[in-house]
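Written out below as structure tokens is the structure these notes cover.
There are 4 protein chains.
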Amino acid sequence: MTRCAVIGATGYAGAELCRLLLGHPELGELILSSASSGGEAMSSIYPNLVGAFSAGGSSAILVDKAEAIARADVVFAGLPAGHAEDIAAACAAKGALFIDLSGDFRFGADEATYSKWYGKSYARPELHAEAVYGLPELNRAAIAALGARKSGARTIGNPGCYPTASVLGLFPAMRGKLAEPGCVIVDAKSGVSGAGKEPTKSSHFVECADSIAPYKIEGHRHLPEIEAVLSTMAGTGVSAVFTPHLAPMGRGIVATIYFRLAKAMSAAELREAYASFYAVEPFVRVLGEGLVATNRNVRLSNYCDISVHLAHDGKTAVVVSAIDNMVKGAAGQAVQNMNVALGFDEKAGISMLPPAF
Amino acid sequence: MTRCAVIGATGYAGAELCRLLLGHPELGELILSSASSGGEAMSSIYPNLVGAFSAGGSSAILVDKAEAIARADVVFAGLPAGHAEDIAAACAAKGALFIDLSGDFRFGADEATYSKWYGKSYARPELHAEAVYGLPELNRAAIAALGARKSGARTIGNPGCYPTASVLGLFPAMRGKLAEPGCVIVDAKSGVSGAGKEPTKSSHFVECADSIAPYKIEGHRHLPEIEAVLSTMAGTGVSAVFTPHLAPMGRGIVATIYFRLAKAMSAAELREAYASFYAVEPFVRVLGEGLVATNRNVRLSNYCDISVHLAHDGKTAVVVSAIDNMVKGAAGQAVQNMNVALGFDEKAGISMLPPAF
Amino acid sequence: MTRCAVIGATGYAGAELCRLLLGHPELGELILSSASSGGEAMSSIYPNLVGAFSAGGSSAILVDKAEAIARADVVFAGLPAGHAEDIAAACAAKGALFIDLSGDFRFGADEATYSKWYGKSYARPELHAEAVYGLPELNRAAIAALGARKSGARTIGNPGCYPTASVLGLFPAMRGKLAEPGCVIVDAKSGVSGAGKEPTKSSHFVECADSIAPYKIEGHRHLPEIEAVLSTMAGTGVSAVFTPHLAPMGRGIVATIYFRLAKAMSAAELREAYASFYAVEPFVRVLGEGLVATNRNVRLSNYCDISVHLAHDGKTAVVVSAIDNMVKGAAGQAVQNMNVALGFDEKAGISMLPPAF
Amino acid sequence: MTRCAVIGATGYAGAELCRLLLGHPELGELILSSASSGGEAMSSIYPNLVGAFSAGGSSAILVDKAEAIARADVVFAGLPAGHAEDIAAACAAKGALFIDLSGDFRFGADEATYSKWYGKSYARPELHAEAVYGLPELNRAAIAALGARKSGARTIGNPGCYPTASVLGLFPAMRGKLAEPGCVIVDAKSGVSGAGKEPTKSSHFVECADSIAPYKIEGHRHLPEIEAVLSTMAGTGVSAVFTPHLAPMGRGIVATIYFRLAKAMSAAELREAYASFYAVEPFVRVLGEGLVATNRNVRLSNYCDISVHLAHDGKTAVVVSAIDNMVKGAAGQAVQNMNVALGFDEKAGISMLPPAF
């Protein structure tokens with residue numbers, strides 16, 4: 001049985017990880033850590049978890065980071081950018097697997113891009129060079145190989161929520177050279193949980209309910225992540241236009257993706273290309289004709305739903321990609337990465353079906 | 001392994017049952033039935049379930065009622081009132097357990113009350129006399145005994161959503177003679193899913209979003225059910241005022257319950273009485289001082305959260321009782337009833353933790 | 001033409017006042033003040049007002065409090081409790097009418113109650129003794145007389161939002177001795193704007209959307225205000241149970257009010273008593289049989305809608321009272337008070353019809 | 001004073017027209033018509049309007065279409081497509097101005113396009129040839145000239161909601177040749193009121209709350225309307241990709257519009273081009289740097305807010321255009337058209353400021 005620690009447990013991604021791990025069949029012990037709430041009980045901060053820790057060896061009491069790392073086989077961190085290197089080093093020193101949910105380990109050796117968008121530099125570049133980008137649909141073998149390493153750092157950079165939805169929606173087109181690379185537009189809509197737990201003007205109910213608006217149109221941190229992965233896929237530099245929107249929903253991302261077809265195809269042909277590509281994936285559902293992907297149908301699950309369409313002009317593909325930003329876009333994918341890295345059933349702990357409503 | 005049928009599978013309660021049963025460890029086969037959608041696939045009506053039927057012996061294709069009953073060991077029905085007697089008779093004839101989610105089997109031998117509120121009469125009174133009201137916290141032994149019967153009808157009337165929240169919030173006070181029986185007020189707020197799947201003016205987004213209003217103030221079908229159970233508990237006739245409200249939420253019921261204390265008590269004493277009463281219940285959480293029950297913290301779980309307070313006058317108890325109307329208020333409780341009746345782990349299939357958001 | 005100042009213009013009540021006053025036919029000049037945003041333009045903080053100040057003598061630039069008072073004939077303040085006495089004194093010194101939206105001037109000479117609930121004492125008791133509680137339906141003559149005074153302080157304590165809804169829903173019953181005074185319960189549901197502009201955990205979209213919960217069950221500052229006014233109405237001490245709830249709506253309060261009938265009446269008789277009582281009121285609509293009051297139908301208007309019902313027990317009246325908390329519950333009522341005090345048409349500037357949705 | 005009739009008064013656009021016209025300073029009499037609710041009172045169907053008809057010559061009682069036309073100087077119709085020709089003919093016969101809110105009169109002489117998308121043909125082509133497309137920012141002079149005609153039909157085709165937002169967001173770019181015409185993408189998000197009053201599965205609260213999804217990706221009726229107007233503007237055929245989304249909001253449309261710049265420009269230069277273009281328009285607000293257009297800030301007003309941005313690639317313009325779909329997108333624009341046609345103040349009856357929340 002595996003001892004798992006969550007650092008930053010009282011943030012939204014941390015709390016979601018906590019909930020998912022408590023239902024994971026391989027969980028031996030769960031250790032929770034929070035810098036701001038040390039000594040408090042998790043269930044007093046998240047009363048949805050009252051009683052969840054009463055049985056077994058897990059405790060609701062939040063401990064400090066060092067203790068959490070010391071006691072765990074797998075460490076997850078859901079902290080703001082800039083804190084993960086130290087944790088990665090500590091995990092490497094003791095041989096723990098580390099899965100980081102911040103942007104710190106998503107850029108590999110490309111420190112320049114990381115620095116430009118995150119305003120920080122690498123103190124330990126070697127850790128970044130060894131890290132794997134944790135999108136299993138793209139990197140499953142590398143994640144498994146990393147997990148199986150007997151020595152050295154084992155660090156997984158868990159993808160951002162927008163990149164997960166965007167990249168999965170573009171992967172088959174990029175790999176299959178179906179899209180003109182110069183004209184990719186991602187118009188993405190996110191629920192408010194994506195902005196995190198801290199109360200702000202933009203997450204104030206009165207400000208965001210009944211309203212929708214784009215933000216960071218000129219540049220969002222997830223853009224370089226999307227471009228980097230797409231460029232890898234396409235084997236050439238891909239430039240994307242990415243516009244995130246804040247929608248009055250708790251959870252979910254719906255990315256409406258536009259690209260020019262590289263050659264003429266019917267909607268059915270394009271759909272079939274996607275369906276074949278993802279046929280063996282446990283968490284990607286390419287929807288049949290007549291269905292449109294929506295966050296509603298993947299809520300609280302680890303699924304990414306994709307629907308494939310042609311615009312009326314017959315030349316522009318419209319791919320809709322929907323995830324639960326907190327599950328496939330964060331905590332669920334982190335668990336999936338652990339499962340792949342440690343050789344567990346890939347669906348362990350994250351096989352729940354989305355509710356109809 | 002148990003073969004379960006859901007009749008009325010495409011209604012909201014039916015769809016929720018379907019989702020829960022697909023994750024139940026004792027499920028052998030799931031058979032779904034719908035009068036309106038026979039021959040269609042469940043997953044085309046509820047795309048959240050795409051892929052859920054691909055593995056194992058369950059099928060997404062909706063069959064007719066007779067076939068569903070013929071193939072099942074346990075039959076659940078989520079139909080409008082008036083259809084359950086025939087199903088109960090058919091189940092009795094073949095020895096299947098029947099759990100009915102309508103109001104048909106909630107009134108036992110009291111046909112007069114049923115007729116007054118539902119406008120129908122009993123065709124088979126003997127089935128009602130034998131049926132058990134399926135609130136496990138109240139009737140666990142009777143449910144288990146019914147399930148263990150070797151002959152005769154085995155019919156469980158699954159409680160209404162409002163009665164579940166209201167009765168659990170009043171049970172300790174009634175049994176402990178802590179409340180003056182003449183002055184019980186239940187001001188209950190329900191999410192829109194309680195009104196069912198059929199689109200109506202009152203469930204139209206534009207009509208109900210951003211609004212709250214009571215309805216059926218002069219009399220709602222759940223009032224006599226509440227009064228009947230409370231009277232049983234108190235050992236005397238209890239008259240309640242019950243006002244349901246439609247709130248702009250998908251799921252959940254919060255019942256704010258007022259009663260006069262029969263004798264002076266502090267809030268702590270009253271809370272302790274509730275906590276002791278429910279100490280052994282797996283699905284009732286009496287919250288500690290400082291917490292207030294809300295549907296938010298029980299969403300998608302089978303929990304009933306209860307918080308206990310005194311109003312500023314020091315004489316009026318205010319008990320807040322919160323459930324997910326579709327889980328503990330319908331489908332989850334039906335699974336709990338099956339578990340109790342058939343001797344399964346009472347939490348099997350319904351042990352999921354509520355998400356924080 | 002009247003020069004109006006709003007102190008605390010960037011709070012929610014202040015911003016709403018600003019919007020209403022800009023459409024008021026008697027407005028000569030509007031002066032806005034904000035301690036936190038002095039020198040900024042109102043329209044940069046509230047972009048809904050872009051362009052609203054371009055015409056006429058009003059300016060969007062926020063000035064300091066002293067300047068605002070110096071330039072105005074009528075001063076409105078929408079500040080937290082504890083700041084109004086100084087403003088009242090300054091207004092008295094220059095002969096300006098002062099309408100305060102905080103709790104500071106709602107308790108008249110009863111400093112003890114104010115101190116108990118607000119934790120502050122009176123520095124200038126004489127100002128409180130002279131102030132009028134600004135509920136026009138209750139105190140129209142006194143408000144007009146105050147406005148017509150040629151010397152001395154002219155201070156109006158604008159009622160709280162919950163007290164406005166609660167008191168208007170109980171006024172006819174109390175005055176007509178129709179209610180047993182010992183058993184009044186107000187179960188009130190408010191939109192999130194009632195909690196103000198400051199982002200907090202409880203106003204975070206993710207925390208409050210799709211959820212409803214009572215708060216401050218043991219005692220809310222509006223309880224003593226409700227009890228004081230009801231006691232005045234009834235001519236005897238009235239004790240009420242008041243439970244506020246936070247509902248996932250932007251605006252609006254719906255108070256579901258329960259009381260025992262002092263003598264047997266039909267619902268029609270009780271409704272007729274209410275309708276007669278309010279027949280001449282421009283802003284109170286007693287709804288006909290079959291309609292239920294809801295915040296939906298009064299949104300963005302100065303109306304208070306009231307529907308009158310009997311519970312199924314035939315003994316308990318259920319009165320539903322609905323207002324827009326920011327209009328009739330705050331800014332609109334403040335304008336109404338100005339209109340009455342200064343002899344304007346009572347509906348001037350606040351005659352807008354509520355939208356259907 | 002002008003006598004106005006609204007045919008289809010009980011639909012959402014009709015009800016909104018009714019509310020706006022009741023506050024119009026030139027209104028002499030308001031006559032309401034409904035095929036489905038003849039003889040009923042408007043205020044029993046829309047209780048927000050209780051009391052609104054008590055004063056003056058207007059009546060709440062719904063009359064038939066013929067009576068409405070006979071009594072009116074200006075006729076508005078808010079019916080489904082296919083009913084407007086007969087009304088136009090009747091209005092022409094008696095010399096009334098007719099403003100149609102359906103798609104029937106938006107395509108001028110282009111019957112082929114109308115037939116393709118609406119499945120109907122023209123019975124009276126001459127009426128279409130004479131009709132004016134009622135977007136005042138585009139066609140103000142033509143609307144005024146039509147209104148001033150002493151003989152012949154005077155028919156205005158009021159634009160669709162999506163076309164209003166889309167076209168206003170593209171007008172300066174098209175006229176100024178700032179956009180490459182071949183690559184225009186409109187990703188538009190609408191509130192649920194856009195789908196009308198009829199309850200349907202997609203407008204059911206439980207189905208659409210907390211969810212967002214595109215619909216009619218392959219072709220929506222508003223696409224040819226957008227393309228026709230843009231082609232007129234650009235003086236060449238423009239092909240657009242248009243993807244409408246249903247967002248969980250009551251009101252509002254936010255169109256996120258993408259186009260390639262025809263020549264290099266800074267965001268400030270592009271913004272200035274828009275600001276200059278619309279400088280004299282009373283209802284278009286081009287927002288300053290740092291602000292993003294959202295439906296929140298135009299709600300219940302006749303404004304169209306536009307914000308102008310460049311994507312990170314520096315080559316793609318991102319223009320955000322926001323309206324209230326029921327006001328500038330329907331009823332408010334219809335009133336604006338009446339004002340222009342009859343020589344009233346263009347802002348009469350529609351000068352209300354949007355509330356902050």
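Protein chains in written order, with the numbering used here: chain R, 1 to 357; chain S, 1 to 357; chain F, 1 to 357; chain X, 1 to 357. Yeah, the Cβ is synthetic: ideal placement off N, Cα and C, and Gly gets one too. Because the structure is a prediction, the values reported are computed rather than measured.
Which class does Y258 of chain S belong to by DSSP, given the choice of helix, strand or coil? Residue 258 of chain S sits at position 258 when you count from the first residue of the second sequence. Y258 of chain S falls in the strand class under three-state DSSP.
So the candidates are R:P282, R:V254, R:V286, R:L270; which of them puts its Cα closest to the Cα of T294 of chain R? As a working mapping, residue 294 of chain R is identified with position 294 in the first sequence. Among R:P282, R:V254, R:V286, R:L270, the Cα nearest to that of T294 of chain R is on R:V254.
Nearest-angstrom Cβ-Cβ length linking S33 of chain X and V63 of chain X, presumed shorter than 8 Å: Within the fourth sequence, numbered from 1, the residue matching residue 33 of chain X stands at position 33. Within the fourth sequence, numbered from 1, the residue matching residue 63 of chain X stands at position 63. Confirmed, Cβ separation roughly 5 Å.
Roughly how many angstroms separate the alpha carbons of G56 of chain F and L353 of chain S, rounded to a whole number? Here residue 56 of chain F is taken as the residue at index 56 of the third sequence, counted from 1. Here residue 353 of chain S is taken as the residue at index 353 of the second sequence, counted from 1. Caution applies to G56 of chain F, whose pLDDT of 48 falls short of 50 and renders its modelled position unreliable; the model cannot decide the point.
Reduced DSSP category for I143 of chain F - H, G, I as helix; E, B as strand; rest coil: Working through the third sequence from its first residue, we reach residue 143 of chain F at position 143. Correct three-state label for I143 of chain F: helix.
Members of the stretch 190–222 of chain F near chain R, C-beta cut-off 7 Å: V192, S193, P199, T200, K201, S203, H204, F205, V206, C208, A209, D210
With a CB to CB cut of under 8 Å and the five nearest residues on each side skipped, what residues in its chain are close to R124 of chain X? As a position in the fourth sequence, residue 124 of chain X is number 124, starting the count at 1. Within the same chain, R124 of chain X has close Cβ partners E85, A88, A89.
Flag G51 of chain X as yes if its beta-carbon sits less than 8 Å from any beta-carbon of chain S, otherwise no. Stepping through the fourth sequence from its first residue, residue 51 of chain X is reached at position 51. It does not; no Cβ of chain S falls within 8 Å.
Return the residue from the list X:K94, X:P80, X:V238 that minimises the CA-CA distance to K177 of chain X. Taking the first residue of the fourth sequence as 1, we reach residue 177 of chain X at position 177. With distances taken between Cα atoms, K177 of chain X lies closest to X:V238.
Buried or exposed: K150 of chain F, going by 16 or more other Cβ atoms within 10 Å of its Cβ? As a working mapping, residue 150 of chain F is identified with position 150 in the third sequence. Exposed: under 16 other Cβ atoms inside 10 Å.
Is G250 of chain X close to chain S? Criterion is C-beta to C-beta, closer than 8 Å. Residue 250 of chain X sits at position 250 when you count from the first residue of the fourth sequence. Yes, contact with chain S.
Would you say the stretch 285–302 of chain F touches the stretch 328–347 of chain S, given that touching needs at least three Cβ pairs under 8 Å? no
Quick check on I7 of chain S: does DSSP put it in helix, strand or coil? By 1-based counting over the second sequence, the position of residue 7 of chain S is 7. Note: I7 of chain S maps to strand in three-state DSSP.
Report the residue from F:R251, F:N158, F:I257 whose alpha carbon sits nearest the alpha carbon of D187 of chain F. Stepping through the third sequence from its first residue, residue 187 of chain F is reached at position 187. Out of F:R251, F:N158, F:I257, F:I257 has the C-alpha closest to the C-alpha of D187 of chain F.
Are any of the Cβ atoms in chain F nearer than 8 Å to that of L310 of chain S? Here residue 310 of chain S is taken as the residue at index 310 of the second sequence, counted from 1. Cβ-Cβ to chain F under 8 Å: yes for L310 of chain S.
Restricting to Cα atoms, I'd like to know which of F:F53, F:I306, F:D73 is closest to R3 of chain F. Counting from 1 along the third sequence, the entry for residue 3 of chain F is found at position 3. For R3 of chain F, the nearest C-alpha among the options comes from F:D73.
Report the three-state DSSP secondary structure of G332 of chain F (helix, strand or coil). Taking the first residue of the third sequence as 1, we reach residue 332 of chain F at position 332. Reduced to three states, the DSSP call for G332 of chain F is helix.
Using a C-beta cutoff of 8 Å, does D313 of chain X count as contacting chain R? Here residue 313 of chain X refers to the residue found at position 313 when the fourth sequence is read from its first residue. So, interface residue.
Relative to the C-alpha of E67 of chain R, which candidate in R:R140, R:P282, R:G39, R:P136 has its C-alpha closest? Mapped onto the first sequence, residue 67 of chain R falls at position 67. Measuring from the Cα of E67 of chain R, the nearest candidate turns out to be R:G39.
Amino acids of chain R, ordered along the chain, whose beta-carbon sits closer than 8 Å to that of S239 of chain X: Along the fourth sequence, one-based indexing puts residue 239 of chain X at 239. Near S239 of chain X (Cβ distances below 8 Å), the residues of chain R are D313.
So the alpha helix (DSSP H) E16 of chain R belongs to, where does it begin and stop? Mapped onto the first sequence, residue 16 of chain R falls at position 16. That run of the alpha helix (DSSP H) goes 12–22.
Enumerate in chain order the residues of its own chain whose CB-to-CB distance from N339 of chain X is below 6 Å, with the five nearest sequence positions on each side excluded. By 1-based counting over the fourth sequence, the position of residue 339 of chain X is 339. E346, A348.
By Cβ distance, which residues of its chain are closer than 7 Å to P244 of chain R, with the 5 residues on each side in sequence left out? One-based indexing of the first sequence puts residue 244 of chain R at position 244. Y162, A188, S190, P214, Y215, K216, H220.
If you reduce the DSSP assignment to three classes, tell me which class G157 of chain R lands in. Position 157 of the first sequence, counted from the first residue, corresponds to residue 157 of chain R. In this structure, G157 of chain R counts as strand in the three-state DSSP scheme.
May I have the straight-line CA-CA distance separating V50 of chain F from A356 of chain X, to the nearest angstrom? Translated into the one-based positions of the third sequence, residue 50 of chain F becomes position 50. Translated into the one-based positions of the fourth sequence, residue 356 of chain X becomes position 356. Cα to Cα, the separation comes out at about 11 Å.
Hey, how far is the Cα of A234 of chain F from the Cα of M174 of chain F? One-based indexing of the third sequence puts residue 234 of chain F at position 234. One-based indexing of the third sequence puts residue 174 of chain F at position 174. Approximately 5 Å between the Cα atoms of the pair.
Which same chain residues end up closer than 6 Å to Y278 of chain S when comparing Cβ atoms and leaving out the 5 residues on each side of it in sequence? If you number the second sequence from 1, residue 278 of chain S lands on position 278. The answer, listed in chain order, is V284, V286.
Cβ of A81 of chain S within 8 Å of Cβ of K120 of chain S? As a position in the second sequence, residue 81 of chain S is number 81, starting the count at 1. As a position in the second sequence, residue 120 of chain S is number 120, starting the count at 1. Cβ atoms of A81 of chain S and K120 of chain S: closer than 8 Å.
For I306 of chain X, tell me which candidate among X:D313, X:H312, X:S276 has the shortest Cα-Cα distance. In the fourth sequence, residue 306 of chain X corresponds to position 306, counting from 1. When only C-alpha atoms are compared, the closest one is X:S276.
Would I45 of chain F count as contacting chain S if we go by Cβ distances under 8 Å? Residue numbering aside, residue 45 of chain F sits at position 45 when the third sequence is read from its first letter. No, no contact with chain S.
Who are the near neighbours of A322 of chain F in its chain, counting only those whose CB is closer than 6 Å to its CB and skipping five residues on each side? By one-based count along the third sequence, residue 322 of chain F stands at place 322. Taken in chain order, the residues that qualify are V254, A293, T294, N295, V298, D305.
Could you tell me which residues DSSP pairs with A113 of chain S in its beta bridges? Stepping through the second sequence from its first residue, residue 113 of chain S is reached at position 113. Checking the sequence shown, residue 113 of chain S turns out to be Thr, not Ala. Looking at the DSSP assignment, T113 of chain S forms no beta bridge with any residue, so it has no partner.
What residues from chain F crowd round V318 of chain S, counting only those whose CB sits closer than 7 Å? For the purposes of this step, residue 318 of chain S is taken as residue 318 along the second sequence, with counting starting at 1. Chain F residues near V318 of chain S: I217, T243.
Test: F357 of chain F CB closer than 8 Å to a CB of chain S: Mapped onto the third sequence, residue 357 of chain F falls at position 357. Taking Cβ atoms only, chain S reaches closer than 8 Å to F357 of chain F, which makes this a yes.
Residue from S:T113, S:A141, S:G147, S:A93 whose Cα sits closest to the Cα of I99 of chain S: Within the second sequence, numbered from 1, the residue matching residue 99 of chain S stands at position 99. Ranking the options by Cα distance to I99 of chain S, first place goes to S:G147.
Is the shortest distance between the beta-carbon of N295 of chain X and the beta-carbons of chain R less than 8 Å? Residue numbering aside, residue 295 of chain X sits at position 295 when the fourth sequence is read from its first letter. Yes, because at least one Cβ of chain R sits closer than 8 Å to the Cβ of N295 of chain X.
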